[in-house]
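Down below is the structure, laid out as C-alpha cells.
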Amino acid sequence: MPAARSPEKMTDTPLSLLHRVFGYDQFRGDQLAIVEHVSAGHDALVLMPTGGGKSLCYQIPALLRQGVSIVVSPLIALMQDQVDALKQNGVAAAYLNSSLDWRDALDIESAARQGDLKLLYVAPERLVTDRFLGLLDEIEAGPGLALFAIDEAHCVSQWGHDFRPEYLQLSQLHERHPNIPRIALTATADHATREEMAERLKLHGARVFLSSFDRPNIRYTVVEKDNPRRQLLRFLDGHRKEAGIVYCLSRKKVEETAEWLKHEGYAALPYHAGLPADMRADHQRTFQREPGIVMVATIAFGMGIDKPDVRFVAHLDLPKSIEAYYQETGRAGRDGEPAEAWMTYGLQDIALQRSRIDESESPPEIKRLEAQKLNALLSYCEAPRCRRTVLLDYFGETSQPCGNCDVCLDPPELFDGTVAAQKALSAAWRTGQRFGAGHLIDILLGKATEKITRFGHDQLPTFGVGRDIDEHAWRGIFRQLVAAGLLQADLTEYGALKLTDAARPVLKGEQTVQLRRPSKPASKKAARSKASAVPEGLLEKDMPLFEALRTWRLDKAREQGVPAYVILHDRTLRLIATIRPEDEENLAGISGLGTAKLEHYGEELLEIVAEYDT
Numbered sequence: 025m026p027a028a029r030s031p032e033k034m035t036d037t038p039l040s041l042l043h044r045v046f047g048y049d050q051f052r053g054d055q056l057a058i059v060e061h062v063s064a065g066h067d068a069l070v071l072m073p074t075g076g077g078k079s080l081c082y083q084i085p086a087l088l089r090q091g092v093s094i095v096v097s098p099l100i101a102l103m104q105d106q107v108d109a110l111k112q113n114g115v116a117a118a119y120l121n122s123s124l125d126w127r128d129a130l131d132i133e134s135a136a137r138q139g140d141l142k143l144l145y146v147a148p149e150r151l152v153t154d155r156f157l158g159l160l161d162e163i164e165a166g167p168g169l170a171l172f173a174i175d176e177a178h179c180v181s182q183w184g185h186d187f188r189p190e191y192l193q194l195s196q197l198h199e200r201h202p203n204i205p206r207i208a209l210t211a212t213a214d215h216a217t218r219e220e221m222a223e224r225l226k227l228h229g230a231r232v233f234l235s236s237f238d239r240p241n242i243r244y245t246v247v248e249k250d251n252p253r254r255q256l257l258r259f260l261d262g263h264r265k266e267a268g269i270v271y272c273l274s275r276k277k278v279e280e281t282a283e284w285l286k287h288e289g290y291a292a293l294p295y296h297a298g299l300p301a302d303m304r305a306d307h308q309r310t311f312q313r314e315p316g317i318v319m320v321a322t323i324a325f326g327m328g329i330d331k332p333d334v335r336f337v338a339h340l341d342l343p344k345s346i347e348a349y350y351q352e353t354g355r356a357g358r359d360g361e362p363a364e365a366w367m368t369y370g371l372q373d374i375a376l377q378r379s380r381i382d383e384s385e386s387p388p389e390i391k392r393l394e395a396q397k398l399n400a401l402l403s404y405c406e407a408p409r410c411r412r413t414v415l416l417d418y419f420g421e422t423s424q425p426c427g428n429c430d431v432c433l434d435p436p437e438l439f440d441g442t443v444a445a446q447k448a449l450s451a452a453w454r455t456g457q458r459f460g461a462g463h464l465i466d467i468l469l470g471k472a473t474e475k476i477t478r479f480g481h482d483q484l485p486t487f488g489v490g491r492d493i494d495e496h497a498w499r500g501i502f503r504q505l506v507a508a509g510l511l512q513a514d515l516t517e518y519g520a521l522k523l524t525d526a527a528r529p530v531l532k533g534e535q536t537v538q539l540r541r542p543s544k545p546a547s548k549k550a551a552r553s554k555a556s557a558v559p560e561g562l563l564e565k566d567m568p569l570f571e572a573l574r575t576w577r578l579d580k581a582r583e584q585g586v587p588a589y590v591i592l593h594d595r596t597l598r599l600i601a602t603i604r605p606e607d608e609e610n611l612a613g614i615s616g617l618g619t620a621k622l623e624h625y626g627e628e629l630l631e632i633v634a635e636y637d638t
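With our numbering applied, the sequence shown has no gaps in its numbers, which climb one by one up to 638 at the end.
Printed below as a string of C-alpha cells:
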C-alpha cells in the first residue's frame with residue numbers, strides 16, 4: 025500500500041492536486057467551484073447525485089488548507105473505505121470509530137494533535153462526546169482545524185429513514201469553532217430536506233451548490249408485475265457475474281429471494297435490520313470486496329454504499345417515493361459506466377404502500393405528503409414519456425428525452441381508454457366496491473367461476489362486456505386506473521378496489537381517459553446478448569489483458585484487505601488494456617493513476633501489459 029503522507033505543496037492548485045494525488049486531469053460539473061469556495065474559508069451546502077464526485081469537494085480543500093480536516097461520516101464501512109482509498113493515494117488519513125481498540129484510537133488522537141493527519145473521519149455519535157470535542161479544541165490550538173465536512177447531511181432530516189439524532193447536535197461545531205469552514209454534502213434532491221439541512225445545521229449563509237441530478241449512464245426500466253421471479257431471472261440473465269442490489273419490501277422476502285437466487289446459481293446474500301450485526305457487517309464487507317455479489321436487501325442496505333461497479337439495482341417491490349427510488353437506483357453505476365435500474369410492480373404493491381401510509385401513526389399532514397409522493401411515483405411508473413424526463417421534472421429540472429430508458433427505446437402505444445375505464449369502474453361499483461382486480465376481470469371476461477355464481481355477479485350488466493380485451497391487458501388497465509387516482513386499493517379489505525371522487529366524471533362520460541397498451545416482455549435472447557458483450561470501450565482483442573488486470577487487482581485487494589476499486593477503478597484498467605502503455609511516462613497519462621499509485625503499482629502494471637503485448 026502506498027505510504028500515507030501529506031501530498032500538498034505550497035505551490036499546489038486544485039487542478040495540480042487533482043492530477044498528482046488522484047490521477048484525474050479535470051474536474052466535473054461544479055467540483056472546481058466548490059473546491060475554490062471551501063478552500064477560501066467559506067461554508068457550502070452541496071447537493072450532488074450519487075457518483076457525482078462529492079468526496080473530492082472536501083478532500084482537495086483539506087489538502088490545500090492548513091491543519092486537520094474533520095469528516096463526519098455515519099457508517100463505519102463507508103469511512104473505512106474512504107480512508108483506505110485516500111491512503112492508496114498517499115494521503116495521511118485515519119478514522120475513529122468503534123471498530124478500533126483503545127490503543128489504536130489513542131495513537132490516532134495523538135497523530136491528529138501533532139498534525140500528522142490531513143483528514144480524520146469520525147462518526148457523529150463520537151464527535152459529540154466531551155472527549156472528542158476536547159480533542160478538537162487541542163487540534164485548533166495546535167496544527168489547526170482546516171474544515172468540517174458533514175457527509176450524508178440528509179441524516180439531519182427527521183422525516184427520512186436515514187435520520188440520525190446525533191446529526192442534530194452538529195450545529196455546535198460552528199458554535200465552538202466559528203471561523204472554520206463547513207461543507208455539508210448529500211445526494212438527496214428533495215427540496216424540503218434541503219431546507220431542513222440548512223436550518224438544523226445552521227448553514228444559513230452557506231452557498232448552495234445544486235448539481236444536475238441526471239444519471240445518464242443508468243437505464244431505467246419498469247415492467248408490469250406478472251411472474252416477478254421469472255421476470256427478475258430474465259433481467260439478471262444479462263448481468264451474470266456482475267455486482268448488483270435487489271430490493272424487497274419485507275425481511276422474509278429478502279431471505280427467500282436470496283436463497284432462491286443462490287439455487288439459481290447467483291452469489292446472493294441477504295441484508296436486513298433483523299440479521300445479527302456481525303452478519304450484516306460480514307455481508308456488506310463481502311459485497312464491497314468480492315466481485316459479482318448480488319445483495320438482496322431491504323432499504324436498511326443503502327446509505328453509504330460506495331461500491332462504484334454496481335451494475336444494476338432491481339426492485340421487486342414498489343419503493344415508497346420517487347426520492348427513495350432515486351436514492352436506491354443511484355447506487356448503480358457510480359463509476360460512470362453503463363448500469364440498469366429495473367423495477368416490477370403491480371396493484372398489490374400500490375395497496376401495500378397505501379396501507380403503510382394509512383396505518384402509520386404520523387400526523388395527518390405527513391400522511392398527506394407521503395400519499396402525494398406515492399402518487400408521484402405511480403405517475404412515473406405509468407407515464408407514457410421518457411422516464412428520465414419524468415424523474416428530473418419531479419426534482420424541478422428540465423430535460424430532453426434520453427433515448428436510453430424503456431419508454432424511449434420501445435415507446436408505448438396510447439389509445440382512448442374511456443370505454444374500457446367505464447367498464448372497469450362500473451364493475452367495481454356494481455359489485456359494491458368489495459372485490460379486487462382479479463374478480464372484477466373475471467366478471468368483465470364473462471368467466472362463470474364458483475365465486476361469481478355464488479354472488480350472482482353473472483347476472484350483472486357488466487358480465488362479459490370486456491371480452492374484447494384479454495386478461496393481461498385488463499390487469500394493466502386496472503393498475504393504470506389506480507395510478508391515475510380513479511380507483512383506490514384497500515388492503516384492509518383484501519385489496520378491494522373502490523371508486524374515488526375523480527371516477528364520477530369518467531363514468532358519466534364527462535371526461536376521457538388515455539391509456540397505454542401493455543408492453544411485451546423482453547425476450548431471453550435479448551437479455552442474454554448483453555451478458556456476452558465485451559465491456560464498453562474495449563475491443564475483443566483487449567479482453568484477455570483486461571481480465572488479467574482485474575485478476576491482479578483482486579489479488580492486491582485481498583492482500584491489503586481493501587475493496588478492489590480502492591486499488592484501481594475498472595475504467596482505469598480498461599484504459600490500460602486499450603492503450604497498452606510501454607513505459608511509466610505513458611502510464612502516467614492514464615486517468616485514475618496518481619503519483620502514489622504509479623510509484624507503488626506502475627512496474628507491476630507495465631509487466632502485465634508486456635506479457636500481453638502483441
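Just so you know, even glycine gets a beta-carbon here, dropped at the ideal spot from N, CA and C.
The structure displayed is predicted, hence computed values, not measured ones.
Query, Result
"Span separating the alpha-carbon of A321 from that of F187", "19 Å"
"Reduced DSSP secondary structure (H/G/I, E/B, other) of H624", "helix"
"Limits of the beta strand (DSSP E) - the one that I242 falls within", "I242 to E248"
"Assigned exposure category for T353 - 16 Cβ within 10 Å defines buried", "buried"
"Distance between G75 and D440 (C-alpha atoms, nearest Å)", "41 Å"
"Cα-Cα separation, T596 to I603", "10 Å"
"Cβ pair count under 8 Å reaching 3, the segment 519-531 against the segment 440-460", "yes"
"R491, buried or exposed, once every other Cβ within 10 Å from all chains shown has been counted against 16", "exposed"
"Enclosing beta strand (DSSP E) for Q308 [first to last residue]", "First-last for Q308: A301 to R313, but that is the alpha helix (DSSP H), not the beta strand (DSSP E)."
"Enclosing alpha helix (DSSP H) for V320 [first to last residue]", "Counting along the chain, V320 falls outside any alpha helix (DSSP H), though it belongs to the beta strand (DSSP E) covering V318 to A321."
"Length of the line joining the Cα atoms of R218 and K226", "12 Å"
"Status (buried if at least 16 other CB within 10 Å, exposed otherwise) for E133", "buried"
"With 16 other Cβ atoms within 10 Å as the buried cut-off, status of A356", "buried"
"Option nearest E474 by Cα separation, candidates H463, R243 and L468", "H463"
"Cβ-based neighbour list, A407, same chain, cut-off 8 Å, excluding 5 preceding and 5 following", "V414 and V431"
"Proximity test, Cβ basis, 9 Å: R540 and chain D", "Absent from the structure: chain D. Only one protein chain is present."
"Closest Cα partner of E164 within the set D175, R239 and R137", "R137"
"Cβ pair G158, V92 closer than 9 Å", "no"
"Closest residue to E583 among R313, S386 and E283 (Cα-Cα distance)", "R313"
"G618, buried or exposed, once every other Cβ within 10 Å from all chains shown has been counted against 16", "buried"
"Backbone CA spacing between L120 and Q90 [nearest angstrom]", "21 Å"
"Beta bridge counterpart(s) of Y589 as assigned by DSSP", "DSSP lists no partner for Y589."
"DSSP beta-bridge partners of G139", "Per DSSP, none; premise fails for G139."
"Chain-order list of residues whose beta-carbon lies under 6 Å from that of A550 (same chain, five-residue window excluded)", "Any answer about A550 is weak, because its pLDDT of 42 lies below 50 and its placement is not dependable; what the coordinates show is given next. Cβ within range, chain order: n/a, list empty."
"R335 - containing beta strand (DSSP E), residue span", "V334 to H339"
"Beta carbon of L342 nearer than 9 Å to that of V506", "no"
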